[in-house]
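Numbering of the sequence shown is given in our numbering, commencing with residue 6 and proceeding in unit increments. Cβ coordinates follow ideal geometry from the N, Cα and C atoms, glycine included. Just below is one structure, and these are the notes that go with it.
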Amino acid sequence: MDFVRSPEWPGAPIGGLAGNSATARYGTASGAALATGRGGSPSPTGPPAPYRPSTDTGPTNRPPSAPPVPVKILVAGGFGVGKTTTVGAISEIAPLTTEAEMTSAGIGVDDPGIRSTKTTTTVAMDFGCVTIDRSLKLYLFGTPGQSRFGFMWDDLARGALGALVVVDSARLDDCFPAIDFFERAGLPFVVGVNAFDGRLALELGEIRWALAIGDHVPLVQFDARDRLSVRDALLVVLDRALDRATRDRKA
Numbered sequence: 006m007d008f009v010r011s012p013e014w015p016g017a018p019i020g021g022l023a024g025n026s027a028t029a030r031y032g033t034a035s036g037a038a039l040a041t042g043r044g045g046s047p048s049p050t051g052p053p054a055p056y057r058p059s060t061d062t063g064p065t066n067r068p069p070s071a072p073p074v075p076v077k078i079l080v081a082g083g084f085g086v087g088k089t090t091t092v093g094a095i096s097e098i099a100p101l102t103t104e105a106e107m108t109s110a111g112i113g114v115d116d117p118g119i120r121s122t123k124t125t126t127t128v129a130m131d132f133g134c135v136t137i138d139r140s141l142k143l144y145l146f147g148t149p150g151q152s153r154f155g156f157m158w159d160d161l162a163r164g165a166l167g168a169l170v171v172v173d174s175a176r177l178d179d180c181f182p183a184i185d186f187f188e189r190a191g192l193p194f195v196v197g198v199n200a201f202d203g204r205l206a207l208e209l210g211e212i213r214w215a216l217a218i219g220d221h222v223p224l225v226q227f228d229a230r231d232r233l234s235v236r237d238a239l240l241v242v243l244d245r246a247l248d249r250a251t252r253d254r255k256a
């Protein structure tokens with residue numbers, strides 16, 4: 006068999022141009038106009054008009070806007086202070102968490118405090134993101150709070166613009182390692198006091214004195230469960246980082 010004939014085509018002599026003519030395929034004279042379109046209006050008998058690009062200047066032809074600038078922010082602090090809750094409250098995507106159930110092996114090692122009902126703990130990191138505006142998008146990395154995971158902090162801090170150090174006013178001792186870390190790293194940070202049950206155990210002035218942080222370090226109160234409250238705290242981190250970048254550029 007030296008040819009293949011489509012079953013939809015009518016029979017035609019094989020060979021030459023007759024087997025591939027309009028008459029052989031469609032049963033229409035080669036000079037007759039073919040009906041096209043929904044209304045069946047005849048097509049012009051002359052050659053088709055040359056292609057011309059559309060002159061429509063509507064939204065579909067506008068150049069794509071530049072993607073938002075990615076900014077890395079750390080959410081750090083002691084064990085059980087609300088870091089995972091902070092990331093989850095503000096993230097516009099389902100946050101990535103690495104929570105594991107706390108077991109009896111952690112008794113005496115991991116102390117979430119007497120007020121806490123915490124049953125899980127972060128064993129690697131938390132991740133979320135939020136778009137501030139068309140030009141800026143924050144990528145949030147929550148650090149593990151236990152000291153045995155401290156080796157991960159250096160990697161998580163690489164490339165970060167700033168940090169929010171979450172503090173529990175009733176357990177200030179757990180927050181010293183995080184503050185010391187960012188002071189040594191020279192990374193701009195803001196201390197955010199998480200208002201558990203809507204109140205603080207100490208006044209902000211007393212907390213600043215107890216943590217021994219200078220006046221140049223912003224100290225804010227926020228609620229880790231409230232999206233707008235977390236947003237305001239992160240905006241302070243951005244302002245602090247921008248101020249540092251401006252001063253470094255002038256130096």
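Between the alpha carbons of V235 and L145 lies a distance of about 12 Å. V171 sits in a strand when the DSSP states are folded into three classes. Per DSSP, reduced to three states, the secondary structure at L224 is strand. Excluding the 5 residues flanking it on each side, P193 has same chain C-beta neighbours closer than 7 Å at G167, R245, A246, R249, in chain order. Annotation: L233 to G93 spans about 12 Å, alpha carbon to alpha carbon. In the three-state scheme derived from DSSP, where H, G and I count as helix and E and B as strand, P193 is classed as coil. For A175, the closest alpha carbon among the candidates P182, V80, G85, P75 is that of G85.
Partner residues in the beta bridge of A81, as assigned by DSSP, are V170. If you ignore the 5 residues before and after I95, its C-beta comes within less than 8 Å of the C-beta of G133, V135, L145, R232, V235, R236, L239, all in its own chain and listed in chain order. Residue state for I212 is assigned as helix, using DSSP reduced to three classes. Between the C-alpha atoms of K77 and E211 there is a straight-line separation of about 30 Å.
Note on geometry: alpha-carbon atoms of A162 and D178 lie some 22 Å from one another. When DSSP states are grouped into helix, strand and coil, I218 belongs to the coil group. Straight across, the Cα-Cα distance linking F186 with L205 is about 24 Å. For I137, the secondary structure class from DSSP, reduced to helix, strand or coil, is strand.
K142 has P75, T136 as its beta-bridge partners, per DSSP.
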